[in-house]
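Reviewing the structure listed below.
Residue numbers (this note's numbering), protein chains in the order written: chain A, 744 to 1043; chain B, 744 to 1043.
Structure, rendered in structure tokens:
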């Protein structure tokens, strides 16, 4: 079982990791940076309104004030986003982190044809949950970006998640494309896609993992449940990555793991040239740290 | 908060409730009947192979053996299903319970044009969860029957669930059509349907409840989460009924509430002339009893 404590230790040992923060002039963002610097997770380049950033650091983060943090001035969030993206595309930083800038504005710079981080693949959201009630850690994708992915997009979403799982130390993750049932039902597209993805994996069209679906949630995460139904296979009861069929299913799973399961969470956007951390105000300081550590471990 | 203990008490006080069991020649089914009879929830008419039923009762359920249980012989599951349905359509029983017969076979009899229990409405699955981690009880619909309901079907699914909620003692339930976000997004059909359902409720096209959506799961069940996002409304943080946009989302929510939330559950099929109990082998004895109690409370 991969734990965030181990991922944080792994991130600490990743020498020379640098995070570029787009629009760092924000208390909550700097709080996360402060925690990460204290843990020696990475170096940071804070892009944004230099005066505001310095003032916030001086007022609220004495430890950060004492450390060597680079600040790159940008007069507005748009240019901060573009400069932060440039730092990553030039190799000066290995992780992009969203600060006080709208997600759409940041992603516009990420997808900029000249200086952006495009790979041609879809960008997708990958969340890792440490779930106490089942004593398991599971990746969930995509609970936030792709609304209703088709088969081709699902392939890329899986590959994006596999890359993050490898970074977190899960060598050959098992992937369960989720559906409402375990059998193939022509009336349920999720089951058809799951069958196709499983076979694409066997034919070498999806690599670095073992795909096995469709599975319902219980048969993907509980060996007891899978056993009761007589379901066997590499992901049955022990899936590392859960692929959801829609953003609604993903959002419900994400929120369920948080509200009913009291899980720890960290998440990154995968599929660009470097991992992107998109924390929001609603995230706890702990989950922001987890997201940063996950991104640092998987920067490439 | 509505609790299964109260629903069981309510079912006990429902004088003259009778349950017709289709194909009762099964140990697990008779175990549920035995528990229900011991609790004095209802009278039962056991339809099926008389010899097998009597043998099973005599061998394994001494209390049931002593009580007055009517047995109606049927030579095979198909005719048992039809006879059990007839008992309900004739008024001799108020609840239909699935025994050792395939769901498809039972539903074929339910939908039989001459003696069946058709109302013209869709049949839908309504599950009630008592969720310890949020100290709330919530209905979830439809996690099992309708794959990807359209707006018209969602209206009927809501009305079917409202009927069950009323039966369970929730007078004017708040209904949250779930989506991945709380705002209307033309690219997300779930949000458009949610807006339409909310307004249909205001215009008197959906009655007996208050509809308010779209809501994401957290903002539907947690007043804290709704408050953080500044979301107000009759269902925000206190929804009684969660309408899921697809069977996949519903199945994931159902399983999450069970596996991550350790919830108690009971479920019925609503939309026919009488509630139908479709328990499966995987259900615990407790959940079978909950389902029976819920159905008895809402028989009409």
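Glycine included, every Cβ here is placed at the ideal spot set by N, Cα and C.
Given 8 Å as the limit, tell me if residue 778 (chain B) has its C-beta closer than that to any heavy atom belonging to the ligand SAH. Among the components modelled here there is no ligand, and therefore nothing to report on the ligand SAH.
So what does DSSP say about residue 985 (chain A), is it helix, strand or coil? Residue state, collapsed to three classes: strand.
Kindly indicate if chain B contains any beta-carbon less than 9 Å away from that of residue 1034 (chain A). No, no contact with chain B.
Does the distance from the C-beta atom of residue 899 (chain B) to that of residue 973 (chain B) stay below 9 Å? No, the pair does not count as a contact, with Cβ atoms beyond the cut-off.
What are the start and end residues of each continuous beta strand (DSSP E) run of 3 or more residues lying completely inside the stretch 850–905 of chain B, in chain order? Restricted to the stretch 850–905 of chain B, the beta strand (DSSP E) segments that are unbroken, complete and at least 3 residues in length are 867–874, 879–884, listed in chain order.
Using DSSP's beta-bridge definition, name the partner residues of residue 813 (chain B). B:788
Contact set between residue 913 (chain A) and chain B, taken where Cβ atoms lie within less than 7 Å: Those do not exist, as residue 913 (chain A) stays about 21 Å from chain B at its closest Cβ, beyond 7 Å.
Between which residues of its own chain and residue 1029 (chain B) is the CB-CB distance below 8 Å, once the five residues before and five after are set aside? 1007
My output table needs one value for residue 840 (chain B): the three-state DSSP class, helix, strand or coil. strand
Under the three-state reduction of DSSP, which class applies to residue 761 (chain B): helix, strand or coil? strand
Return helix, strand or coil for residue 775 (chain A), following the three-state DSSP convention. helix
Using C-beta distances below 8 Å, list every residue in its chain close to residue 915 (chain A), excluding the 5 sequence neighbours before and after it, in chain order. 951, 952, 953
Distance check for residue 758 (chain B) and residue 934 (chain B), CA to CA, integer angstroms please. 43 Å
On the three-pair Cβ rule with 8 Å, is the stretch 952–967 of chain A touching the stretch 957–976 of chain B? no
Quick check on DSSP: helix, strand or coil for residue 1019 (chain A)? strand
Cβ neighbours of residue 814 (chain B) in the same chain (closer than 6 Å, five flanking residues each side left out): 789, 793, 796
In chain B, which residues lie with their C-beta within 7 Å of the C-beta of residue 959 (chain A)? 994, 998
Given a cut-off of 9 Å on the beta-carbon distance, is the pair residue 846 (chain B) and residue 867 (chain B) in contact? no
In chain B, which residues lie less than 9 Å from residue 931 (chain A) when you measure between Cβ atoms? 890, 891, 990, 991
Separation of residue 754 (chain A) from residue 873 (chain B), as counted between CA atoms: Looking at the two C-alpha atoms, the distance is approximately 40 Å.
Taking residue 807 (chain B) and residue 773 (chain B) to be in contact with their CB atoms under 8 Å, please state how far apart those CB atoms are, rounded to whole angstroms. 7 Å
So residue 922 (chain B) contacts chain A; which residues on that side make the cut at Cβ distance below 9 Å? 990, 991, 994
Quick one: grab the DSSP three-state call for residue 999 (chain A). Looking at residue 999 (chain A) - three-state DSSP - the assignment turns out to be helix.
C-beta neighbour in chain A for residue 1004 (chain B), strict 9 Å: yes
What first and last residue would you give for the beta strand (DSSP E) that runs through residue 938 (chain B)? Note, residue 938 (chain B): premise wrong, no beta strand (DSSP E); alpha helix (DSSP H) at 932–945.
Could you tell me which of B:767, B:835, B:992 sits nearest to residue 818 (chain B), measuring between CA atoms? B:767
Suppose you measure from the CA of residue 1041 (chain B) to the CA of residue 1040 (chain A); what does that come to, to the nearest Å? 54 Å
Whose Cβ in chain A lies nearer than 7 Å to the Cβ of residue 775 (chain B)? Within chain A, no residue comes near residue 775 (chain B); the closest Cβ sits about 18 Å away, beyond 7 Å.
Can you give the Cα-Cα distance for residue 1027 (chain A) and residue 771 (chain A), rounded to whole angstroms? Those two C-alpha atoms are separated by around 10 Å.
So if I threshold CB-CB distances at 7 Å, which residues from the stretch 860–890 of chain B count as touching chain A? Contact annotation: in the stretch 860–890 of chain B, residues whose CB is within less than 7 Å of a CB in chain A are 874, 876, 877, 890.
So, with DSSP's three-state summary, where would you put residue 980 (chain A)? coil
Scan the stretch 943–969 of chain A for residues whose Cβ lies nearer than 7 Å to a Cβ of chain B and list them as they occur along the chain. 959, 960, 961, 964, 965
On the three-state DSSP scale, how would you describe residue 917 (chain B)? strand
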